[in-house]
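Just below is one structure, and these are the notes that go with it.
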Amino acid sequence: MMLFEDPPQNLALAPGAMLLGRFAETADRALLAALARVVAASPIRRMNTPNGGQMSVGMTNCGAAGWVSDRTGYRYDRLDPETGRPWPAMPPGFADLATRAATAAGFAGFVPDACLINRYTAQTRLSLHQDHNERDLAAPIVSVSLGLPAVFVWGGPRRADRPRRVRLVHGDVVVWGGPARMTFHGIDPLREGDHALTGPVRYNLTFRRAL
Ligand code: MD3
Ligand code: FE
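Position in the sequence shown counted from 1, then plus 39, gives you the working numbering.
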């Protein structure tokens, strides 16, 4: 019997949390081309953590502000500490996708001012955390997955809440707002693979209102 790919599905994960299945798929090449221009100006790097470690995820940013971690803590900064210059501008195609996705999930009028770009290769993980450094916690966060699949770990409002696991594939977009905005979340260690557009890599773009 011939098996076809599953059609894209939208799934309400929880109140305020909406998975838009493969919402970004048709824009994938344009997004990756824009990402390459951002990375040429502000390279992907592994940031230091306040406790003396180093993140396994490689990161850079675009937009008016970028998320930064160093020995002094986490913050948003208008300057890339590696280049001493402002982060690259948010590509129009990035902001447009984020606004369209937020609208589709019920958050009309979302205009991001920061985009954190995460780069994963085999074994890279992101441990359970909350995102609370953004000034405007009423605004949602929009996340776009590109390249290799990942297992998203999604807990509750308390660190000890038992997490669910959701597989995120190339093109998936998730919008987190309202009561879902402060949930604990992370990414399990990435499994190795070879994606047609990104090779051994998963990228995640998270769009935020930080300033
Ligand atoms: C739920 N990134 O950059 S995206 C992060 O795939 C981050 O790189 C993961 O967690 C990644 O902070 C997960 C999904 C995501 C992003 C932000 C959230 C889920 C969220 C903020 C609040 C609640
Ligand atoms: Fe996060």
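Yeah, the Cβ is synthetic: ideal placement off N, Cα and C, and Gly gets one too.
Query: Between the CA atoms of Asp-135 and Asn-100 - distance to the nearest angstrom; Result: 17 Å
Query: Cβ-heavy atom distance, Asp-170 to the ligand FE, below 6 Å; Result: yes
Query: Where Ala-56 sits in the DSSP three-state scheme; Result: strand
Query: Proximity below 7 Å, CB of Val-181 to CB of Ala-137; Result: yes
Query: Presumed contact (8 Å Cβ cut-off) between Gly-232 and Asp-67, rounded CB distance; Result: Actually they are not in contact, since the Cβ atoms of Gly-232 and Asp-67 sit about 16 Å apart, beyond 8 Å.
Query: Residues of its chain near Val-212, where Cβ-Cβ distance is below 6 Å and the 5 sequence neighbours each way are ignored; Result: Leu-59, Phe-62, Ala-63, Ala-140 and Val-183
Query: Runs of alpha helix (DSSP H) wholly within the region 64 to 125 (minimum 4 residues, chain order); Result: 67 to 80
Query: At least 3 beta-carbon pairs within less than 8 Å: the region 184 to 192 vs the region 106 to 125; Result: no
Query: Supposed close pair Arg-198, Leu-236 - CB separation, criterion 8 Å; Result: That pair is no contact at about 35 Å.
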